[in-house]
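Listed in order, the protein sequences are those of chains A and B.
Counting from 1, one number per residue, gives the positions in the first sequence under UniProt numbering.
Counting from 1, one number per residue, gives the positions in the second sequence under UniProt numbering.
Beneath this line is the structure, given in structure tokens, with notes to follow.
Number of protein chains: 2
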Amino acid sequence: MEHQPKKKATIYDLSVLSGSSPSTVSAVLNGTWRKRRIKESTAELIRDLADQHQYTANLQARGLRSSRSGLVGLLLPVHDNRYFSSMAQSFEAHVRSRGQCPIVVSACRDPEEERRTVETLISYSVDELIVAGATDPDGVHAVCIGSGLKHVNIDLPGSKAPSVISDNYQGARMLTEAIIRHFSEDLKLGPDELYLFGGRDDHASRERIRGFRAIKRELMQGDSDKCIEPTGYSPNMAQIAFERFYEREGKLPRGLFINSSINFEGLLRFMAQHPNEAFMDIVVGCYDYDPFGSFLPFPVIMIRQDIEGMITKAFEIMAESRPSVQTYLIQPELVPPRTALKGPLDAIKDIA
Amino acid sequence: MEHQPKKKATIYDLSVLSGSSPSTVSAVLNGTWRKRRIKESTAELIRDLADQHQYTANLQARGLRSSRSGLVGLLLPVHDNRYFSSMAQSFEAHVRSRGQCPIVVSACRDPEEERRTVETLISYSVDELIVAGATDPDGVHAVCIGSGLKHVNIDLPGSKAPSVISDNYQGARMLTEAIIRHFSEDLKLGPDELYLFGGRDDHASRERIRGFRAIKRELMQGDSDKCIEPTGYSPNMAQIAFERFYEREGKLPRGLFINSSINFEGLLRFMAQHPNEAFMDIVVGCYDYDPFGSFLPFPVIMIRQDIEGMITKAFEIMAESRPSVQTYLIQPELVPPRTALKGPLDAIKDIA
DNA sequence: CATTTTTGCACAATCGATGGTGCAATGAAT
DNA sequence: ATTCATTGCACCATCGATTGTGCAAAAATG
């Protein structure tokens with residue numbers, strides 16, 4: 001495990017070796033040397049020495065001096081689902097293409113943890129930050145503002161910083177309509193057979209519920225409060241909600257709008273407790289796309305949010321000098337059952 | 001967006017305000033003040049001022065001085081699948097519980113990118129590093145060694161640093177046996193009906209292939225090279241392999257061992273092109289667990305690798321002063337069809 | 001009261017890189 | 001041969017925290 005923990009070379013080492021001053025070495029190695037009128041030959045000498053000795057800059061030192069770091073952060077609620085992990089994947093690609101270093105951290109939907117984590121990132125002089133699905137975006141904003149950190153909300157909007165989110169209302173309308181239309185005329189769905197499960201009191205859930213109700217009233221002439229079951233974002237709570245419904249009604253609603261893939265996992269847990277027959281006539285719409293979810297034994301219609309689009313827009317906004325505090329809506333896409341979409345992984349070359 | 005970008009308070013600011021020296025302030029705020037015999041009352045004064053002014057240490061400065069950072073890194077091949085995103089989730093929990101800051105980065109299975117990324121992490125004086133599923137673990141090792149960075153390989157072993165991996169051989173035996181036994185006596189599977197798809201020439205794939213063949217010979221008295229189709233780790237290549245097989249044989253093999261959930265996505269893409277009837281008599285075993293995958297319309301048996309166990313072991317090893325370069329095998333678990341396991345997300349409280 | 005010990009803290013060097021400023025040597029212009 | 005402009009680089013302060021050392025004042029000891 002250990003060998004020569006030869007201390008890393010610094011500009012001082014190279015300065016001695018090359019007979020130039022540290023500032024010259026620094027200038028040569030960070031690219032500002034032309035501006036400093038360093039001779040081509042001097043530069044060359046130093047560059048040679050640098051890679052002979054495998055010099056790499058100490059980025060903490062650089063960051064300390066310049067109060068920038070070359071780091072770009074992505075704050076996630078959680079890693080462990082396809083929506084957010086795709087987001088991480090797209091994010092990384094973007095940041096790398098700009099020559100910076102992406103770092104991804106999650107804060108477990110805990111407002112306190114969100115703020116603490118961002119504090120830490122700030123302490124490392126992170127240059128920019130994308131705040132995804134934060135429980136308390138404005139709390140995070142307050143922390144960022146104190147240090148002038150550029151940031152954009154994504155997925156869930158805040159009121160103090162620019163936000164890029166899915167058009168949840170439209171998406172929910174599309175999804176709900178698709179569920180309804182998936183039933184043939186003779187097996188037509190009634191208003192009290194179409195339920196929404198999952199989500200909580202955040203902007204996305206509210207908009208989705210609004211869209212769900214609107215289209216329900218338009219197409220089925222009916223809706224009621226009992227058709228909405230917010231369960232929070234946990235598989236467990238969702239499962240419990242399904243179990244309770246099933247006990248009460250002896251079956252699941254034939255039309256099911258599930259607020260997120262995380263909540264969908266609650267349905268999986270429910271399924272594990274019941275035979276496939278309980279799901280034969282069911283149609284599920286899920287507001288999130290998961291490739292495996294798309295092929296379950298009953299029709300699953302999904303919404304794929306345009307993650308690429310959101311990330312791209314977010315970076316555009318951060319590039320502006322004085323971005324306006326507004327919320328940009330990105331259109332999501334309806335995914336019919338049994339569909340395997342390409343994802344960010346397809347951009348990666350496989351060396352086989 | 002902008003308000004008072006009031007510069008962050010430093011120990012110098014607090015030193016002026018409190019009438020003590022910067023070193024005293026530093027000692028009070030980093031906990032070493034008892035050792036320095038600072039009066040309780042002085043300490044209290046400084047602490048009060050500190051949170052009045054929302055002081056937080058500049059971690060780049062601290063890191064520069066102490067050449068440590070409080071950061072712990074996880075290097076992933078990719079984010080976007082449940083195996084690695086679960087790993088990220090578990091990793092974060094571990095690191096946070098130790099009071100450090102987790103950072104997760106991916107390197108796209110590109111050896112060059114792996115090394116570059118680790119270089120960057122080192123430049124930030126990351127304290128420890130877990131290298132997961134690296135394409136070139138020994139290359140990464142070489143970079144780490146140069147700077148004395150503690151690191152452990154996980155998922156794929158290296159020859160120069162301690163490694164913690166799944167017992168892929170045993171896992172593959174379990175999985176293969178489960179596939180075989182899933183067929184009833186009268187529909188018994190023949191040796192040429194059981195294929196392995198996916199993976200490439202890495203340690204994990206080789207071991208899985210070895211386990212697959214061993215049990216195949218034991219239970220079916222037969223095996224052949226044409227039953228193995230390595231496709232690399234990409235959905236696309238796997239899809240192509242399935243298509244080719246299907247064209248050649250007119251059907252898929254009834255028994256299918258898929259090397260990873262990423263390759264499984266190749267099967268999904270294939271499925272999207274063919275009606276469900278093509279899969280009625282199929283049994284799939286997948287070396288990776290994905291909750292949605294477990295509920296597909298045909299029996300899917302999965303292997304769940306013990307991610308928690310691997311992470312825990314990895315941190316144990318890094319805690320040793322002089323860890324021995326060996327490979328630790330962690331037993332994976334067989335997951336029967338239609339099973340929804342709890343995951344790292346269940347540890348997160350939901351505020352509903 | 002004189003001396004030793006302890007308490008409580010200040011000083012200053014240091015980590016590695018950056019960037020403003022200044023100055024000698026060279027070449028050009030008069 | 002002077003004067004002036006340009007070239008090519010060195011010097012030094014700085015970013016914010018850590019830590020070894022030193023020293024006065026207070027307390028303990030004789």
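Quick reminder that beta carbons are idealized off the backbone N, C-alpha and C, glycines included.
Bear in mind that the values here come from a model prediction, so they are computed numbers and not experimental data.
Asked, Found
"Applying the 10 Å Cβ sphere with the 16-neighbour rule, what's the burial state of glutamate 40 (chain B)?", "exposed"
"Taking only runs of the beta strand (DSSP E) that begin and end inside the region 285 to 312 of chain B, which ones reach a length of at least 3 residues, in chain order?", "300 to 304"
"Should aspartate 281 (chain B) be labelled buried (16 or more other beta-carbon atoms within 10 Å of its own) or exposed?", "exposed"
"List, in chain order, every chain B residue whose beta-carbon is nearer than 7 Å to that of valine 126 (chain A).", "Neighbours of valine 126 (chain A) on chain B: none; closest Cβ ~10 Å, over 7 Å."
"If you follow the alpha helix (DSSP H) that threonine 42 (chain A) is part of, which residue opens it and which one closes it?", "40 to 52"
"Closest to tyrosine 287 (chain B) by CA distance: which of B:Thr312, B:Ser261 and B:Pro299 is it?", "B:Ser261"
"Short check: CB of glutamine 89 (chain A) to CB of proline 323 (chain A), under 7 Å?", "no"
"If arginine 208 (chain B) sits next to asparagine 259 (chain B), beta carbons under 8 Å apart, how far is it from one beta carbon to the other, in whole angstroms?", "6 Å"
"When the cut-off is 7 Å and only beta carbons count, does methionine 271 (chain A) lie next to chain B?", "yes"
"Would you mind stating whether proline 162 (chain B) and isoleucine 317 (chain B) have Cβ atoms separated by less than 7 Å?", "yes"
"Go through its chain and collect everything with a Cβ distance to glutamine 100 (chain B)'s Cβ below 8 Å, but skip five positions before and after it.", "Gly70, Leu71, Val72 and Asp127"
"With a threshold of 7 Å on Cβ separation, who are the neighbours of serine 21 (chain B) within its own chain once the five nearest residues in sequence on each side are excluded?", "Ser15"
"Would a C-beta distance cut-off of 7 Å place phenylalanine 279 (chain A) and phenylalanine 298 (chain A) closer than the cut-off?", "yes"
"Could you pull the start and end residues of the alpha helix (DSSP H) that histidine 141 (chain A) belongs to?", "137 to 145"
"Short of 6 Å in beta carbon distance, which residues of its chain neighbour aspartate 340 (chain B), apart from the five on each side in sequence? Order them along the chain.", "In the sequence under discussion, the amino acid at residue 340 (chain B) is alanine, which differs from the aspartate named in the question. Counting only Cβ-Cβ distances below 6 Å, and skipping sequence neighbours, we find Pro291."
"With a Cβ-Cβ cutoff of 7 Å, do methionine 174 (chain A) and leucine 74 (chain A) count as a contact?", "no"
"Can you confirm whether lysine 8 (chain A), when its beta carbon is compared against all beta carbons of chain B, has any partner nearer than 7 Å?", "yes"
"In three-state terms, what does DSSP make of phenylalanine 57 (chain B)?", "It is alanine, not phenylalanine, that sits at residue 57 (chain B) in the sequence shown. Three-state result, alanine 57 (chain B): coil."
"Relative to the alpha-carbon of glutamine 273 (chain A), which residue among A:Gly285, A:Val300 and A:Arg244 has its alpha-carbon at the smallest distance?", "A:Arg244"
"Kindly indicate which three-state DSSP category histidine 3 (chain A) falls into: helix, strand or coil?", "Low per-residue confidence applies at histidine 3 (chain A): pLDDT is 45, beneath 50, and the placement is therefore not dependable, though the value from the model is reported in the following sentence. Reduced to three states, the DSSP call for histidine 3 (chain A) is coil."
"Look at the alpha carbon of residue 369 (chain A) and the alpha carbon of aspartate 225 (chain A), and state the distance between them as a whole number of angstroms.", "The structure shown does not extend to residue 369 (chain A), since chain A is modelled only from 1 through 352, so no value can be given for it."
"Taking all protein chains shown into account, decide if glutamate 2 (chain B) is buried (16 or more other Cβ within 10 angstroms of its Cβ) or exposed.", "Confidence is the limiting factor: at glutamate 2 (chain B) the pLDDT is only 44, short of 50, which leaves the residue's position unreliable, though a coordinate-based value still follows. It is exposed - the Cβ of glutamate 2 (chain B) has fewer than 16 other Cβ atoms within 10 Å."
"Compute the distance between the beta-carbons of alanine 93 (chain B) and leucine 156 (chain B), then report whether it is under 7 Å.", "no"
"So with Cβ pairs under 7 Å, would you call serine 123 (chain B) a contact of chain A?", "yes"
"When DSSP labels each residue in this structure, what does tyrosine 328 (chain B) get in the three-state scheme?", "strand"
"Do the CB positions of glutamine 60 (chain B) and serine 125 (chain A) come within less than 7 Å of each other?", "yes"
"Can you tell me which of the three DSSP states phenylalanine 183 (chain A) falls into?", "coil"
"Which of helix, strand or coil does DSSP assign to leucine 75 (chain B)?", "strand"
"Determine the contact status of arginine 181 (chain B) and glycine 232 (chain B), defining contact as a CB-CB distance below 7 Å.", "no"
"Using a Cβ-Cβ cutoff of 9 Å, what residues of the region 173 to 189 of chain A are near chain B? List them in chain order.", "none"
"Strictly by DSSP, which residues pair up with lysine 150 (chain B)?", "B:Glu128"
"Look up glutamate 243 (chain B) in the DSSP assignment and say whether it is helix, strand or coil.", "helix"
"Using CA atoms only, rank isn't needed, just tell me which of A:Asp13, A:Phe315 and A:Asp306 is closest to isoleucine 165 (chain A).", "A:Asp306"
"According to DSSP, is methionine 220 (chain B) helix, strand or coil?", "helix"
"For alanine 241 (chain B) versus phenylalanine 197 (chain B), is the C-beta spacing smaller than 7 Å?", "yes"
"Do you know offhand how far threonine 10 (chain A)'s Cα is from threonine 56 (chain A)'s?", "8 Å"
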